[in-house]
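Student: Handing you a structure now.
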Amino acid sequence: MMFAPLRFLVFSIVCFVYPLFSQHTSFELKHFSKQKKAFEQAHNAFTKGSIAFEEGYNKWALKQKQILYKRKFYPLSIRDYERAGFDAFQVALEALLKAEQFNAKHHTLQFMIGFCEFVMSPRSAEAAAHFKQSRALGMDNAFDAFYWMGWSEQMQSNWIEAENLYTTYAQMAEHDHKFTNPLKECIRKRIDECQWGAKLSKKAIAVSVENMGPLLNTKYPEYAPCITADQSQLFFTSRRPGALNRTKDPSDGLYLEDIYGSTCLNKMWQPPYLLKGNINSEGHDAVCGVNNAGNRLFVFKSDINNGGDIFESTFNGNDWSAPIAFSAPVNSAHYENAISLNPYEKRIYFTSDRQGAQSDIYTAELQAKGWAGIKNIGEPVNSGFDETAVFLHPDGKTLYFSSQAYGSMGGFDIFYSTLESGKWSKPVNMGYPINGPDDDVFFVLSGDGSTAYYSANRAEGFGDLDLYKIHFLKDTVSNVRPILPVPDLYLVKGVISGLPSQKPLDATVSVYDADKNELLYSASTNSVDGKYLVSLPSGKNYAFHVYKSGYIFKSENFNIPEHPAFKEIILNLDLEPLISHAEIPLNNLFFDVNASTLKPASHTELNRLLELLNANPGISIEIISHTDNTGNSAFNTDLSNARSATVINYLISKGISLKRLKASGKGETEPLESNATAEGRAKNRRTTFRIMP
């Protein structure tokens with residue numbers, strides 16, 4: 127995080143020995159000789175407020191030290207200026223505002239009021255107004271004040287004014303022995319943020335940024351939105367009072383974190399609910415990632431000893447399980463707080479500060495014994511500043527994250543990088559109005575690329591961090607493209623049921639690279655809802671299989687070219703019981719044109735058929751091949767017989783007895799569709815199997 131000045135004016139000097147300016151009026155009786163009683167009350171309020179302010183500031187400075195230098199425990203919502211000493215600042219603000227009613231022309235009083243309001247609400251216009259009043263009353267020789275005034279102006283997006291104040295601060299502090307190199311770097315960074323803010327805000331991108339409203343947001347912080355790839359489910363963290371506990375964190379005066387969910391019905395988000403099951407505890411529980419299907423949720427749990435770790439909870443159709451911690455080497459003695467899975471759920475991207483003071487993005491591979499091969503993904507994605515809130519899009523090649531690197535408009539900005547020839551590209555700032563002067567974090571994007579969600583603290587919000595929705599305007603996609611890579615993938619989702627009851631099944635969904643006969647993805651549905659969702663990035667020939675013991679497997683083929691248009695496919699599948707004699711299509715069998723030679727991409731399908739026969743030694747099957755009506759009818763009959771025989775021969779070569787197998791060729795005699803169209807002819811060319819009586 128950015129270094130900030132951690133020193134302040136000594137109160138005995140600030141309050142009573144400050145040089146007088148033309149408009150400044152100190153709290154001395156000689157200025158109010160005719161208002162002695164009112165003066166005493168105001169002076170007492172001023173003294174009480176000053177003492178409470180000093181207490182709050184000391185707590186705030188200690189928290190800054192822990193965050194900036196030691197990376198010790200703090201809740202996920204804590205930002206670089208937020209809220210240690212909150213209770214003391216509240217007491218101070220109440221007293222100081224009473225004093226202001228009597229004497230509003232005291233520069234230090236105005237500054238302290240502004241500081242309290244800034245710490246409690248950094249985007250507060252009132253804070254900026256009080257800082258300006260402090261300057262107008264002559265608080266110009268307290269050069270630390272220029273830093274806070276500059277920061278307040280930056281938070282109001284007054285980029286030029288903020289840059290000027292930072293520059294003045296640096297010039298005045300140049301010869302102070304406490305103006306160290308880290309502090310100089312901090313000021314250079316702040317000035318760079320203002321310059322980027324001025325530049326990017328002049329080139330607004332074609333999006334609309336919409337607060338998600340009081341249905342989801344409250345006066346408490348809401349943040350870390352996570353969505354399923356199809357936008358059917360939203361998960362987020364809130365510091366609102368929850369059903370499990372009403373405990374407040376003493377470090378910031380807010381309720382502990384809990385995880386909430388919302389369901390999208392008819393394109394409308396429904397009232398949020400506290401997640402059921404054992405996922406929320408009596409401590410801090412914050413969502414930090416979800417898989418595309420929405421049945422694996424990743425949870426950040428803070429720990430006083432090591433900052434915090436990542437846990438996983440799974441959904442059984444009714445409840446969420448108690449979270450289980452990722453083992454080493456993902457979790458460490460350091461701070462891990464965000465994670466994202468690739469579409470096949472075999473690679474993770476997560477953030478950790480294990481190699482130094484700053485947080486970086488790391489990756490790991492799923493191997494036989496768990497996650498291994500931890501690597502820092504390095505430059506150009508990681509910088510010398512913090513990177514966090516990592517999110518890999520369902521396309522598997524666009525990485526979104528928040529960073530404080532140079533090129534930010536202030537705090538964390540959202541950047542993206544694309545995977546090109548195995549290397550991550552130079553990150554791109556997503557621009558204004560997505561990014562602003564405050565922390566913009568936890569950006570997630572729908573599978574179709576139309577809508578994004580993130581957390582931001584904006585002037586129009588309900589208080590603190592709120593959930594926001596970003597719409598990428600369809601009629602200007604060509605203008606937006608440099609900012610938003612267009613997703614090229616298929617989303618396949620549906621429900622797996624069993625016949626004849628049509629009740630949901632706990633089946634296994636597997637996806638193979640058909641050309642390589644390589645298992646890419648495997649997951650189980652549950653028997654409560656039977657739902658599945660798979661993201662299939664472009665450029666592969668996918669063999670899709672669904673299997674359940676006691677049922678006949680089903681398969682589909684998705685041969686997705688490079689850079690297709692996004693497509694969402696609803697594929698509900700009913701599995702036939704083993705006693706069924708219906709024809710089951712083998713959708714991943716491929717033959718050479720006008721020949722019976724199997725292509726290598728067929729091996730995945732043949733192996734599923736082999737597994738079925740080996741697992742059920744009492745069944746026998748008939749392989750049935752069909753053609754379209756192109757060409758000679760006799761040739762088509764011979765071709766279909768030859769193709770079914772080829773499948774039989776493959777199974778025999780793998781140890782299946784000929785007694786359990788039968789080959790049939792139907793030629794063009796049993797079409798499924800009209801042969802008048804190319805699509806119809808393609809459906810008529812098929813090979814199926816059935817279990818024989």
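So the sequence shown is residues 127 to 819, counted in the working numbering.
Don't be surprised by glycine CBs; every beta carbon is placed ideally from N, CA and C.
1. Could you pull the start and end residues of the beta strand (DSSP E) that Gln396 belongs to?
2. In terms of DSSP beta bridges, what is Ser636 paired with?
3. Near Asn755, which residues of its chain fall below 6 Å by C-beta distance, leaving aside the five closest residues on each side in sequence?
4. In chain order, what residues of the same chain have a beta carbon less than 6 Å from the beta carbon of Ser648, not counting five sequence neighbours either side?
5. Between the alpha carbons of Cys352 and Tyr532, how many angstroms are there, rounded?
6. Starting from Ile705, trace the alpha helix (DSSP H) in both directions and tell me its first and last residue.
7. Residue ranges of each beta strand (DSSP E) run of no fewer than 3 residues wholly in the stretch 496-521, ordered along the chain?
8. Any contact of the stretch 483-501 with the stretch 670-689, i.e. 3+ C-beta pairs under 8 Å?
9. For the putative contact between Val618 and Leu697, defined by C-beta atoms under 8 Å, what is the C-beta separation to the nearest angstrom?
10. Given Val333, which residues of its chain have a CB within under 6 Å of its CB, disregarding the five upstream and five downstream residues?
11. Here's the rule: buried if 16 or more other CB atoms are within 10 angstroms of the residue's CB, otherwise exposed. What is Tyr399?
12. Is His729 near Asn667, with beta carbons less than 9 Å apart?
13. Extract the residue ranges of the beta strand (DSSP E) inside the stretch 431-489, only unbroken runs of 3 or more that lie entirely within it.
14. Using CA coordinates, which residue listed in Ser485, Asn720, Gly510 and Pro703 is at the minimum distance from Ser751?
15. Tell me, which residues are paired with Pro630 by DSSP?
16. From the DSSP output, read off the bridge partner residues of Tyr88.
17. Using a 10 Å radius around the Cβ and a threshold of 16 neighbouring Cβ atoms, would you call Gly744 buried or exposed?
18. By the three-class DSSP mapping on this structure, what secondary structure does Tyr542 have?
19. Within the continuous beta strand (DSSP E) that includes Arg812, where are the two ends?
20. Cβ-heavy atom distance between Asn683 and the ligand GTP below 8 Å?
21. Helix, strand or coil: which one does DSSP assign to Val570?
22. Per the contact definition of three or more C-beta pairs closer than 8 Å, is the stretch 278-288 in contact with the stretch 314-321?
23. At the level of alpha carbons, what is the spacing between Tyr580 and Phe257?
24. Since Gly791 sits in a beta bridge, which residues does DSSP pair it with?
25. Out of Gly510, Tyr488 and Asp512, state which residue places its alpha-carbon closest to the alpha-carbon of Asn502.
26. Quick one: what's Ala412 bridged to in DSSP?
27. Report yes if the C-beta distance between Ile450 and Glu462 is below 9 Å; otherwise report no.
28. Going by the beta-carbon positions, is the gap between Leu219 and Gly175 smaller than 9 Å?
29. Could you check whether Pro469 and Leu645 sit closer than 9 Å to each other, using their CB atoms as the reference points?
30. So what does DSSP say about Ile838, is it helix, strand or coil?
31. Could you compute how far the alpha carbon of Ala804 sits from the alpha carbon of Phe815?
32. What's the gap between the Cα of Asn685 and the Cα of Gln396?
Tutor: Short version:
1. Taken as a continuous stretch (DSSP letters only), Gln396 belongs to no beta strand (DSSP E), as it is neither H nor E.
2. Beta bridge pairing from DSSP links Ser636 with Ser648 and His671.
3. Excluding the 5 residues flanking it on each side, Asn755 has same chain C-beta neighbours closer than 6 Å at Glu794 and Asn801, in chain order.
4. Here the set comprises Ser636.
5. For Cys352 and Tyr532, the gap between their C-alpha atoms comes out near 27 Å.
6. Taken as a continuous stretch (DSSP letters only), Ile705 belongs to no alpha helix (DSSP H), as it is neither H nor E.
7. 496-502 and 513-518, all fully within the stretch 496-521.
8. The stretch 670-689 and the stretch 483-501 do not touch, with fewer than three beta-carbon pairs separated by less than 8 Å.
9. Val618 to Leu697, Cβ: 6 Å. Contact.
10. Excluding positions up to five away in sequence, the list reads Ile596 and Phe598.
11. Here Tyr399 is exposed. Its C-beta has fewer than 16 other C-beta atoms within 10 Å.
12. Contact: no.
13. Unbroken beta strand (DSSP E) runs of no fewer than 3 residues, entirely contained in the stretch 431-489, are found at 435-440, 462-467 and 473-478, following chain order.
14. Out of Ser485, Asn720, Gly510 and Pro703, Asn720 has the C-alpha closest to the C-alpha of Ser751.
15. BP columns for Pro630 point to Ser623.
16. Within the shown structure, residues of the chain are numbered from 127 to 819, placing residue 88 beyond reach of any answer.
17. Exposed is the call here.
18. Looking at Tyr542 - three-state DSSP - the assignment turns out to be strand.
19. Per DSSP, Arg812 belongs to the beta strand (DSSP E) from Arg812 to Ile817.
20. What this structure holds is no ligand at all, so the ligand GTP is not there to describe.
21. Reduced to three states, the DSSP call for Val570 is strand.
22. With a cut-off of 8 Å, the stretch 278-288 and the stretch 314-321 count as touching, because enough Cβ pairs lie within range.
23. Approximately 30 Å between the Cα atoms of the pair.
24. Per DSSP, Ser751.
25. Of the listed residues, the one whose Cα sits closest to Asn502 is Tyr488.
26. Answer by DSSP bridge pairing, in chain order: Phe426.
27. Cβ atoms of Ile450 and Glu462: not closer than 9 Å.
28. By the CB criterion at 9 Å, Leu219 and Gly175 fall inside the cutoff.
29. Not a contact, by the Cβ cut-off of 9 Å.
30. Outside the shown range of the chain (127 to 819) lies residue 838, about which nothing can therefore be said.
31. Taking the straight line joining both Cα atoms gives about 24 Å.
32. When rounded, the distance between both Cα atoms is 36 Å.
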